[in-house]
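The block underneath contains the structure these notes are about, expressed in structure tokens.
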Amino acid sequence: MSEITMQSPVDVGSISASDGSVTLSDAYATTKVQVRAATGTAAAATLDVPYGSSTRNVDGDLVCGTRPDEWTIYGNPGRSAAIVASVPTEGFVTVIDITHGRAMLRVTGSNATAALSKICNLDLSDELTPNGAVFSGSLGSVSCDWVRADEGGETSFLISCERSFGKFLFIAVADACTEFGLSVPRGWELHPH
Amino acid sequence: MSNRLPTQPGEVIDRSKSLSFTWNGRAVTGFEGDTIASALAANGVDVFGRSMKYHRKRGIMTADHWDPNLFLQVGDEPNVRAGSRKLQAGMVVSTQNVWPSLKFDLAAANQLLGRFLSSGFYYKTFMRPRFLWPLYQKVLRKFAPGGEIHWKTSKHGAYDKRYAHPDVLVAGGGPAGMGAALAAADSGARVMLVEHYTELGGHLRWGDDAQRARAAELGSACEAHPNVEVLVDSTVTGRYDHNWIAVNQRSHPIAPERLVKARAGVMVVAPGLIERPYVFAGNDTPGVLLAGAARRLINLYAVRPGEKAVVMTANEEGDAAVADLDRAGVEVVAVLDARKGEGIVSVEGKGRVTKVTTTDGRTLSADTVVTATGWTAPTSLLNMAGDRPIYDPSAARYFSSGDLPPNLLVAGGVDGDGSTDDLEAHGRATGALAANRALRRRHDRVSQTARANPPTWEKPTEMADDRTPLARSAHPECYRSSTHGMVDFSEDVSSKDLVQASKEGFDSIELMKRYTTVTMGPAQGKLETVNAAAVLADANQVAMADIGTTVWRPPYSPISLGALAGRIHEPVRRSALQDWHEAHGASPLLAGQWIRPDHYGDAMAEATNVRSNVGLIDVTPLGKLDLRGPDVPKLLELVYVNKWQKLEVGRVRYGTMVAEDGVVSDDGVTGRLGENHWLMTTTSSGAGAVWEMLEDWLQTYKPEWDVHVTAVTGGLTSINVAGPNSRTLLDRLVEDVDLSAEAFPYFSVRTGAVAGVQNCIIWRIGFTGELSYEIHVPSGHALHVWEALLETGADLGCAPFGVEAQRILRLEKGHYIVGQDTDGLSKAPTAGLGGLVKLDKTDTLGLPELKHAYERDDLPILVGIQTVDGTIVPEEAAQIVDGDSNRIMGRITSSRMSPTLGRSICLGQVDPSLSAAGTEITVLMADGKRIKATVQEHHAHVDHEGARQRV
Amino acid sequence: MIVVPCPNCGPRNSGDLRPAGEVVSRPDPATCSLSEWREYLYMRHNPADWVTETWYCRGGCRRYFTIERNTATNEIRGQEAS
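Chains as they are written, first to last, in the numbering used here: chain V, 1 to 193; chain L, 1001 to 1951; chain E, 2001 to 2082.
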């Protein structure tokens, strides 16, 4: 229902460090479609992105190899039906719109990697985690699916987690960004005083 | 009195910046660059505190991080190491471990009682009589070392953490460490260089002009190198398997301490050497200090350590100290050359050295004694990797056995001796080797990591370890004079104590350590280990090499608990409706990771409203798994105790899971939404485990089954609409679904739009025992549906209810909760699953245990229980006992006051002998009272036939 | 915190995974004796030596896989020596 607005678990929009070195934005409205498809299915052949990497398809959606037999397609808000319809379903294939079920943040900027490395044990350097990298890993003790999706030449990560963890994830990431000049909005502190 | 010298060539103080601070309430000043101790020494302070056990006056001994006598209270921070902590303006510095004052210390009387406080102090003293222990405790606390923690008012600040992934981590920023870092970085490795002190340079910092110049050059090169991250005032505190390395970074701008968790390819261990004290009578008298301490005070801080000094030297450091003292205007009364057999016998003095007796029988008048008698190789990080260092008598110190994993390399002083150039060259060779190994590993990691692109560079060929080891300089074995003195200054353990311990049978180094606590203080053996081994070898009449050493474990140097805690990440899960609940007065309940509304003010009224009108509860935490594929029924038959093959589309069924040991593990309702599409619900706390368990069976046991499992717990906000008016309410909001009893019977599922929101899943079940529907709404639209239900149902008495009301309602209905009414031993018969369990399956989890359980007659049984006096609500977990005895026959698992019945109701597990309806049982209350209760025929206290929910 | 080589993700910190223990074979629940079943439930070799064990890549690819690990040294076969 288009007239009913999607309510995000993180309704703070976008906040930036004073020097712009890191920006934290809510991306909940992003359409997220998960595809599970066995090797040899038409869906697997169409998606054709190996686990760990991503590509933009002709429609401008970001197709990610999220797990060995799993893909996630991220598109602009409202593209759910179109994306679901684009996946061939012959064979053992599952297509689920997970838009509602996943909170999503975008973390961008020259200090994004340094900030996220405070609360994520994975090596996020360019060589281990190049632009386009797709992976899963804990961030602030929350299980997340990640895509490194740079924007305008700036390092940027799209990070999603189970919706109910969304607010906590935002708080944890914002806390990690304070070292780089981000002011945390009132009520969103990790350790309120 | 000022001990500050004129400008020294290598001083690190900035005389243009004077810093005011207080010392035991007295206003004093120092300079920027001073340590707290150097500033105090410049002000003429001799005595910095009292020793732990005997409360002897103590002064500067090592003038660095390891100084056992310089633990001070600074503001609200205890145990500050004044030998290394930089002075800051406004510091409020005071002694600790004195009572009632530094000058008059009551506990110093312990010195007179010394013979009672020797070896095994902890084990022998204050043991008897036992009834005096509370008094001992109070007194001991007064005597105990350590500062004060102001835990209620402390503003010490938040601690922090970060992760790091260096190819090469270098522990130690002296000439070898800096050489290693630069060579590794030049080879293309990403390097983290960790230096314990606030500046790079190691021992070159207090060296001659050439040494200081080289330190500055290397330091600048490290700071400028793009591949090197330099962490100063930081300590590698631990090395764990696969080079998981803990670095404690002090005085970081955003935190007093920050723990860096590094996964390093190769660690280069280059900590240098730590000077060790000499053991003789009076060796802890203020004024007795190490050669390195004298040199640091003079050269770094321009502080004259005394007026008249006797120097005992066995090495170049001692010789250099003589020159430094001379230059500083200290009168060197005598130089005793240990290489020629000269030495100190004992020292006398109260509060400061006054007299020194030498081995050639002289008694010298002096206020300062400087010793240079050898080195401890701090092999801690090597020990943590399994190395057991070996003693070399010709060099009078320990060396690595060489039995190290390939990701650990040693450079510099721990390996051997040499000039600045020799040490740097050894470091560079080690750094190059480290880079080679680390880059080979990185190449493998990049190749193996799914998210990384294949490496665009070639894997380096393996380099052989053809480094030339550093030479080992000859050094006399100087450990103890003919008299006894302190071995462990921080624990107040003397050589006499060690000899006594050996005589008492604690003659192994590890036993002696625990018995006497030698090496167990804040210096962690850096000063004491070698002397302790030497004293024990002497006492046991064996060679030092045969004594062995204690094993150094993490931390290398103590770390505060705050740093280990860091920022606290304890994720809290919130449903899409939690903001609404909080805005409407919900009392929060932490249930597992979820925060939920416990009640909105009056749980009893909420429960009553459900029985009479209609209520809404947010049950989002219910685990929800979307199951798709033709083989879902097979999977369900495997993991549930009951059967699933024949469940039709549009129907739901309740199922219980048991683990392979037959113990009830989870339960929930699962519905068939389409031919190959199911929705499984689990308990809130069990959702994650059930998901992993399903994946386990699908991946490792039945890989041929086609089933996709997707967790959708947070994606679907679950709202239970319960009460006699629920159908009327939903009729107003649900489109395209016939809600009539005939079209939508109990235990059915339909999909449709609710309040305009498409794709809602509605199933008719009855946890509360009322006519009720559970609606699963796409979460982004959940608030819209929730508010629509409340608004539309206002005239029907629709109101929210919380977890507490739900718990009351379900208990009235006798529904058990896994984990509350069952426990880790409850097998299927206990839970009363009789009819549900199908033992005629060929495979289901725990089948042999289930069969066995149903052959037994001794398992506890879950029963409904009502107290005879209905006003009494027995505590949950209250024991059910055998009459007047304390023989336990069961326990109350759930209890509440029932608003519907106006009396208390319970579920409980009882011995089978008590399980028959009508049996009178005894409940032992927490206050010791015994009350009577009766076993009921059914679990349900209200409407056991289910008439209310089937309308 | 050891490093576990996930065949799909690559090397990961063990905290990202769940150890599921020594690989044991499951007897046929329909025909096995109770004592055979309890061997399977409770008895493990637990040597200070090489074991084949299952890990679940909980934080990553969500796949179960097996590795050979030396319980005395934490050396893992196929991985570069640590």
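Every residue gets a Cβ at the ideal spot worked out from N, C-alpha and C, and that includes glycine.
Keep in mind it's a predicted model, so treat the numbers as computed, not measured.
Handout entry: residue 1528 of chain L in three-state terms, based on DSSP
Key = Three-state result, residue 1528 of chain L: coil.
Practice task
Rank L/1772, L/1289, L/1713, L/1505 by C-alpha distance to the C-alpha of residue 1070 of chain L and give the top, closest one.
Solution key: Looking from the CA of residue 1070 of chain L, the closest CA among L/1772, L/1289, L/1713, L/1505 belongs to L/1289.
Handout entry: Other residues of its chain near residue 1060 of chain L: CB distance less than 8 Å, five sequence neighbours each side excluded
Key = Hits under 8 Å: 1037, 1041, 1048, 1067, 1069, 1070, 1083, 1286, 1289, 1293, 1297, 1305.
Exercise for the section: Helix, strand or coil for residue 1989 of chain L, going by three-state DSSP, please let me know. Expected result: Since the first residue shown for chain L is 1001 and the last is 1951, residue 1989 of chain L is missing from the structure and cannot be characterised.
Exercise for the section: Output yes if chain L places a C-beta closer than 8 Å to the C-beta of residue 2077 of chain E; else output no. Expected result: Taking Cβ atoms only, chain L never reaches closer than 8 Å to residue 2077 of chain E, which makes this a no.
Problem - Nearest neighbour of residue 21 of chain V, chosen from V/169, V/129, V/116 [CA to CA] - result: Selected option, being the one with the closest Cα: V/116.
Exercise for the section: Return helix, strand or coil for residue 1434 of chain L, following the three-state DSSP convention. Expected result: It is helical.
Exercise for the section: Express the C-alpha separation of residue 1435 of chain L and residue 955 of chain L in angstroms, rounding to a whole number. Expected result: The requested residue 955 of chain L is not part of the displayed model; chain L covers only 1001 to 1951.
Practice task
Indicate whether the contact test is met: 3 or more Cβ pairs, each with one atom in the region 175–186 of chain V and one in the region 27–37 of chain V, closer than 8 Å.
Solution key: These segments do not touch.
Problem - Where residue 1133 of chain L falls, given that 16 or more other Cβ within 10 Å makes a residue buried - result: Exposed: under 16 other Cβ atoms inside 10 Å.
Practice task
Tell me where the alpha helix (DSSP H) around residue 1708 of chain L begins and ends.
Solution key: Here residue 1708 of chain L belongs to no alpha helix (DSSP H); instead the beta strand (DSSP E) covers 1708–1711.
Practice task
Could you confirm whether any beta carbon from chain E is found closer than 8 Å to the beta carbon of residue 1700 of chain L?
Solution key: Judged by the 8 Å Cβ criterion, residue 1700 of chain L is in contact with chain E.
Problem - Residues of the region 1436–1453 of chain L whose Cβ lies closer than 7 Å to any Cβ of chain E, in chain order - result: Those would be 1441, 1444, 1445, 1448, 1449, 1450, in chain order.
Handout entry: chain V contact residues for residue 1568 of chain L, given Cβ-Cβ distances below 8 Å
Key = Contact annotation for residue 1568 of chain L against chain V: 190, 191 [CB-CB distance below 8 Å, chain order].
Handout entry: Meets three-Cβ-pair contact criterion under 8 Å: the region 1307–1316 of chain L and the region 1331–1344 of chain L
Key = Counting Cβ pairs under 8 Å, three or more are found: they touch.
Exercise for the section: State the beta-bridge partners of residue 1599 of chain L as determined by DSSP. Expected result: Partner(s): L/1587.
Exercise for the section: Can you check the region 108–162 of chain V for any alpha helix (DSSP H) of at least 4 residues that lies completely inside it and give the ranges in chain order? Expected result: Restricting attention to alpha helix (DSSP H) runs no shorter than 4 residues, the region 108–162 of chain V encloses them at 112–116, ordered along the chain.
Problem - Under the three-state DSSP convention, the category residue 1200 of chain L falls into - result: Residue 1200 of chain L falls in the coil class under three-state DSSP.
Practice task
Evaluate residue 1277 of chain L with the Cβ neighbour count: other Cβ atoms within 10 Å of its Cβ, from every protein chain shown; 16 or more gives buried, anything less gives exposed.
Solution key: Residue environment: residue 1277 of chain L is assigned as buried (16 or more neighbouring CB atoms within 10 Å of its CB, all protein chains considered).
Problem - For residue 75 of chain V: DSSP bridge partner residues - result: Paired residues: V/31.
Exercise for the section: Let me know the secondary structure DSSP gives residue 170 of chain V once reduced to three states. Expected result: Correct three-state label for residue 170 of chain V: helix.
Problem - Reduced DSSP secondary structure (H/G/I, E/B, other) of residue 1398 of chain L - result: In the structure shown, residue 1398 of chain L sits in a strand (DSSP, three-state: E or B).
Handout entry: Inter-stretch contact (C-beta, 8 Å, three-pair minimum) for the region 1148–1165 of chain L and the region 1258–1275 of chain L
Key = Taking a contact to require three or more Cβ pairs closer than 8 Å, the region 1148–1165 of chain L and the region 1258–1275 of chain L qualify as touching.
Exercise for the section: Compute every distance between the C-beta of residue 77 of chain V and the non-hydrogen atoms of the ligand ZN, then say whether any falls below 7 Å. Expected result: This structure does not include the ligand ZN; it has no bound ligands of any sort.
Problem - Spatial distance of residue 1778 of chain L from residue 1861 of chain L (CA atoms) - result: Rounded to whole angstroms, residue 1778 of chain L to residue 1861 of chain L spans 40 Å at the Cα level.
Problem - Separation of residue 1513 of chain L from residue 1416 of chain L, as counted between CA atoms - result: So the two alpha carbons sit approximately 27 Å from each other.
Practice task
Spell out whether any CB of chain L is found under 8 Å from the CB atom of residue 2072 of chain E.
Solution key: With 8 Å as the cut-off, residue 2072 of chain E does not count as an interface residue toward chain L.
Practice task
Please report how far the alpha carbon of residue 1658 of chain L lies from the alpha carbon of residue 1912 of chain L, in whole angstroms.
Solution key: So the two alpha carbons sit approximately 21 Å from each other.
Handout entry: Simplified DSSP state of residue 2006 of chain E, which is helix, strand or coil
Key = In the three-state reduction of the DSSP assignment, residue 2006 of chain E falls in the strand class, which pools E and B.
Problem - Helix, strand or coil at residue 1871 of chain L [DSSP, three-state] - result: In the structure shown, the three-state DSSP call for residue 1871 of chain L is coil.
Problem - Neighbour flag for residue 1944 of chain L against chain V, beta carbons, 8 Å - result: No, residue 1944 of chain L lies away from the interface with chain V (no Cβ there is under 8 Å from its Cβ).
Exercise for the section: For residue 163 of chain V, return the contacting residues in chain L, with the cut-off set at a CB-CB distance below 8 Å. Expected result: 1576, 1714, 1715, 1779, listed in chain order.
Practice task
Taking C-beta pairs closer than 8 Å, name the residues in chain V that residue 1710 of chain L reaches, listed in chain order.
Solution key: Within chain V, the residues whose beta carbon sits less than 8 Å from that of residue 1710 of chain L are 34, 36, 94, 96, 98, listed in sequence order.
Handout entry: Integer Cβ distance of residue 1895 of chain L from residue 1941 of chain L, believed to fall under 8 Å
Key = Not a contact, Cβ separation roughly 11 Å.
Handout entry: Residues that DSSP places opposite residue 175 of chain V in a beta bridge
Key = Its beta-bridge partners do not exist; DSSP assigns none.
Handout entry: Amino acids of chain V, ordered along the chain, whose beta-carbon sits closer than 8 Å to that of residue 1410 of chain L
Key = One finds nothing in chain V with a Cβ atom closer than 8 Å to the Cβ of residue 1410 of chain L; even the nearest lies about 26 Å away.
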